[in-house]
Every structure is written in C-alpha cells, then in structure tokens.
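In the working numbering, the protein residues as written are 1 to 453.
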C-alpha cells in the first residue's frame, strides 16, 4: 500500500472523534456529576471516589491523550521529514487505548464485584499496549529522520518516551490494584502517573507543535534556544526524580524536588517560546479557522505559568519547607493544568489547525467563543473555591463542572462540523473566490487593500 494513498485519508480523524466522544460520555460528564452531587444532597461515597480516579485517567489518556496522538501521527512525520509507512499501527493503537480506558473505567466502577479486578488489569494491559504501539510507530519515524536536533524534534522525542513510560506506570498501578483488590490506586503512584502523563507525554507533544506551528501562526519572536535546552533537561530530570521517589517510597522531600524541577523546566520553556510576548509583526494571511485562536493559545500558556507557580508552592508545603497553601478539596492545581492549559490549548490549536488539515471552514465561531468562556469560568471557580469546603463553595464547584461540560460539548460540535463535506465545500468556494481576486489584482494592480477575510 502506497503512503500517498492512505495518508490522504486524514487518519487523525478517528482519534479526534474518539477523544471527543470519551470526553463527553465519560470524562467531563463524570467530573461534572461528582461536583453536582453534594448540591443535590447526595453523598460522595467510595464508589464516587473511585470514579474520580477513573475520571482522571480517562481525561488524561482519552480526551487529551487520543487527541494528541492523532495530531502527533499527522505532524511528527512532517517535523522529521520521515513518513509513516503503513496506517495499521495507528488504527491499532487507537483501539487499544479506547478499549483499555473503557475497561479501566468499568472495572473501577464495579470494584465490589468479582469482575472489577480483572477488568482494571485488562484495561492497564491494553492501554500500555496501545501506547507502546504509538511509541514504536513514531520511533520508526525518528530513526529514519535525516535530522533530530531541532527544538520541535527534541520535544517530540520526549513525548514518545514518556508516552510509553506513562503506559507502563499505569499498568503497574492497575496490577497492584488487582493484586491487592484495592478499589483505589496508591496515592503516590497515582501522582507520579498523572504528572508523567501531563508534563512528559501530553505537554511534550504540545511543546513540539508550539515550537514549530504555533510560532509560525502567531509570528512569535525567535526562541531562546539555549533556555529551551535547560527546559528540556529540567522536565526530564524532574520527572525521573518524581517517579523514582514514588515507586521507591522515598521521602516527600525527594518527590517535591522532582515536581519543582519539572515545573521550573516548564516555566523556562514558556519563557523560551516567547508566547506571552507581542507578535513580531502583523498577521496577514488568507483566513482559515477560528480567528481568535491566538487568544486561546496565549491564555492557555498563561494558565500553565499559574499552575506551575501553584505546584511549586504546594510541593514546598508537602516537603515541610513552607505552609502557604490550604488543603485541596477538588484538585485545583491539577485542573489548572488539565482544564486551564491543556484543554484551552487544544481548543485554540485545533480550531486553527483542524480547518487547515481538512481544508474546511468553521461555520459556528460563536460556539468557540462560548466554549472558551465556559472553560475559563470553570477553571477560575476551581481555583477560587477548590481549597475549602462551604455551602457556596459546593455550589460554585457544581457550576464549574456544569459549564466545563457544556464547553467541551460546544467544542465537540465545532470539531465534528469541521470534519464534514459541507465545511470543505464552503472553504473551497471561498478559496476560489480569494484566488480570483488575487489573479485580477495581479492583472490590474490597484492601490486598494486586499480583504483577507
């Protein structure tokens, strides 16, 4: 099978669709339900605590992970100038991850039955297998690449490595749960898994795309490449320290050191990218995608810096160095990363790049406006009311869950609509009209400005 034949099929599509379906059906819906329950007078018993853990895994590896995998399969071969030879591994990795997540979620939901432990373990095995196929497929791309020394290439290789490690950690966590018949994962091991998936797997691929495509779209100033090298090293070393400390049962101070190093590495990357600085010049191009994507991208990186600052202070508190942050009720720090940074960033990048990949128009940009506002409100409420228990706080957190769920539903509508024949036909008509205008102006020069809308 020739690569030209199947590459035109846009194989990222099933990943995007699967990630959005999982986000709506299992991820955001479960999180919203957990937050709304106290307002309705319902107790959060152990069953719903188990759901909170499975919700986190589904969000990280389902909503975010599958989305990133689909985009990585599309852009990493282009970054390395080295194509993927066959489509089969991509499809296999997606279905392994999807089935693994469904089994993990189901197994932890029915932990009281004899089926719970086998389902959880089977979910861990399948998820690891899916990420292993994903890593192996992209590693073949890297192996045949003529160059591997660029900024994007370094972060992509980091993402490949930590994706496999995250799958292995998840398998280890589920194996221990099955052996001990434990309804909940070990807190320390689970923390290592979460941050490896967040900083190592997901963020590394986001940083790779940002260093190449986002810089071009936003006309960012030249990167500080030496600072980026320090950032790469900080994230890698910090995650290694965190994983070793948790699985070797070292002191809290060692784990906190790993988190602080990783967070500092992330902040240095944001500084090196210069994404929070003004653009180097005006952006004048043929308009494709959501026109306010730049606001979403910059907002996301702003949340990332805020989250890293909160994580550093929390880590210092856990190590006994300081006593600043109150006890967390609804994981506000983690949701700054997953909602504020990752979700907002995916909204922004996808609303720009998905129409480019598809050659399609976004027909309902107002839905993107509302989705962005709702997710931002959700994050703010999490931060403001996520450190204390009160009647108004429970109500605010319920609103946070509800508006976050609505936000992902609106984004899903926009994304699914973009991947339709009607959206591609609309774009084709507009592009043809634009081309005719350019052709006419080339034949009859005029001083009137060109409308790029």
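Where a beta carbon is used, it is the ideal one built from N, C-alpha and C, also for glycine.
From the options, pick the residue whose C-alpha is nearest to that of residue i; which is it?
i, options, result
"residue 399", "384, 350, 109 and 13", "384"
"residue 133", "216, 291, 160 and 336", "160"
"residue 396", "32, 343 and 26", "32"
"residue 339", "94, 431 and 23", "23"
"residue 153", "119, 206 and 186", "206"
"residue 216", "98, 96, 325 and 349", "349"
"residue 371", "404, 392, 387 and 231", "404"
"residue 17", "115, 30, 232 and 411", "411"
"residue 163", "125, 209, 187 and 65", "65"
"residue 72", "41, 208, 53 and 60", "208"
"residue 108", "232, 204 and 182", "182"
If you follow the alpha helix (DSSP H) that residue i is part of, which residue opens it and which one closes it?
i, result
"residue 190", "187-195"
"residue 31", "28-36"
"residue 215", "215-218"
"residue 379", "365-385"
"residue 310", "293-318"
"residue 454", "There is no way to answer for residue 454, as the model of the chain reaches only from 1 to 453."
"residue 106", "88-109"
"residue 228", "225-247"
"residue 408", "391-418"
"residue 259", "252-273"
"residue 85", "Here residue 85 belongs to no alpha helix (DSSP H), and DSSP marks it neither H nor E."
"residue 12", "12-22"
"residue 388", "From DSSP, residue 388 is part of no alpha helix (DSSP H); its letter is neither H nor E."
"residue 354", "344-358"
Leaving out five residues before and five after residue i in sequence, what residues of the same chain have Cβ atoms less than 7 angstroms from its Cβ?
i, result
"residue 199", "235, 239, 262 and 266"
"residue 141", "76, 77, 80, 82 and 84"
"residue 439", "Note that residue 439 has pLDDT 49, beneath the 50 cutoff, so the model's placement of it is unreliable and no number is given."
"residue 422", "none"
"residue 373", "none"
"residue 14", "94"
"residue 394", "38 and 39"
"residue 424", "358, 359 and 360"
"residue 105", "26, 54 and 58"
Beta-carbon within less than 6 angstroms of residue i's beta-carbon, same chain only, minus the 5 sequence neighbours each way: which residues are those?
i, result
"residue 308", "263, 266 and 267"
"residue 144", "82"
"residue 49", "none"
"residue 427", "359, 360 and 361"
"residue 299", "344"
"residue 6", "Any reading at residue 6 is ruled out, since the residue's pLDDT is 42, under 50, leaving its predicted position unreliable."
Count the other CB atoms, across all protein chains shown, that sit within 10 Å of the CB of residue i; report buried if there are 16 or more and exposed otherwise.
i, result
"residue 43", "exposed"
"residue 352", "buried"
"residue 376", "buried"
"residue 356", "exposed"
"residue 63", "buried"
"residue 147", "exposed"
"residue 255", "buried"
"residue 362", "buried"
"residue 117", "buried"
"residue 260", "buried"
"residue 155", "buried"
"residue 415", "buried"
"residue 269", "buried"
"residue 28", "buried"
"residue 314", "buried"
"residue 58", "buried"
"residue 8", "In this predicted model, residue 8 has a pLDDT of only 47, less than 50, meaning its place in the structure is not dependable enough to derive any value."
"residue 68", "buried"
"residue 136", "exposed"
"residue 34", "buried"
"residue 98", "buried"
"residue 26", "buried"
"residue 429", "exposed"
"residue 128", "buried"
"residue 278", "exposed"
Report, in whole angstroms, the separation of the C-beta atoms of residue i and residue j, which I expect to be a contact under 8 angstroms.
i, j, result
"residue 174", "residue 121", "5 angstroms"
"residue 345", "residue 297", "6 angstroms"
"residue 272", "residue 336", "Not quite, the Cβ-Cβ distance comes to about 21 angstroms (not below 8 angstroms), so this is no contact."
"residue 96", "residue 130", "3 angstroms"
"residue 312", "residue 202", "No, residue 312 and residue 202 are not in contact; Cβ-Cβ is about 20 angstroms, not under 8 angstroms."
"residue 36", "residue 402", "7 angstroms"
Quick one: residues in its chain with C-beta nearer than 8 angstroms to the C-beta of residue i, no 5 flanking neighbours on either side, listed in chain order?
i, result
"residue 413", "364 and 367"
"residue 243", "165, 169, 192, 196 and 258"
"residue 4", "Below a pLDDT of 50, predicted positions are generally treated as unreliable, and residue 4, at 39, falls in that range; the measurement from the model is reported next regardless. Same-chain partners within the cutoff: there are none."
"residue 189", "169, 172, 173, 176, 246 and 247"
"residue 281", "219"
"residue 2", "Residue placement at residue 2 is flagged as unreliable, the pLDDT there being 40, under the threshold of 50; a coordinate-derived value is accordingly withheld."
"residue 252", "318, 319 and 320"
"residue 91", "11 and 14"
"residue 522", "Any question about residue 522 goes unanswered here, given that the chain covers just 1 to 453."
"residue 327", "387"
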